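Residue numbers (the working numbering): -18 to 126.
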């Protein structure tokens, strides 16, 4: 009888621990780390992130100009993510060592992806306008026979 009680107590404790972990896991895995400076530093990185995204597009244009074809998504992402290694010694008022201790490479990659997703959403929402501009450009830029 006592073995059954210990078995039930073990199951109850295991179930309670499992429920606690299920509850805490999303908080532990959240995007933000909760550092006090995180909300101040991450927005300061956005201009550099957009420069990385633009650099990836510029290199893609260069590849097309040289007849190599367009650089694809993962390659562009790698280029933009590479900006992390090129961050300047200071971001705003913060030393790079502090910035990198708060914003890890993985978090930076997520910030790059989030910024690209915002850009992509903007482009898709206004695609008709951009398509019209492109068609107008084709008409005015077409070589005359």
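Using N, Cα and C, we set each Cβ at its ideal position, and we do this for glycine too.
A quick note: this is a predicted structure, and the numbers were derived from the prediction, not measured.
By the Cβ neighbour-count rule, residue 33 is buried, with 16 or more other Cβ atoms within 10 Å of its own. Around the beta carbon of residue 84, 16 or more other beta carbons sit within 10 angstroms, so the residue counts as buried.
Between the region 76 to 92 and the region 33 to 51, the count of Cβ pairs shorter than 8 Å is below three; the stretches do not touch. Spatial neighbours of residue 96 in its own chain (CB-CB distance under 8 Å, excluding positions within 5 residues in sequence) are listed in chain order as 27, 30, 31, 34. The three-state reading of DSSP puts residue 99 in helix, counting H, G and I together. As computed with DSSP, residue 76 is found in a beta bridge with 71. In the three-state reduction of the DSSP assignment, residue 45 falls in the helix class, which pools H, G and I.
Rounded to whole angstroms, residue 68 and residue 56 show a C-alpha spacing of 20 Å. With contacts defined by Cβ atoms closer than 7 Å, residue 25 and residue 73 form a contacting pair.
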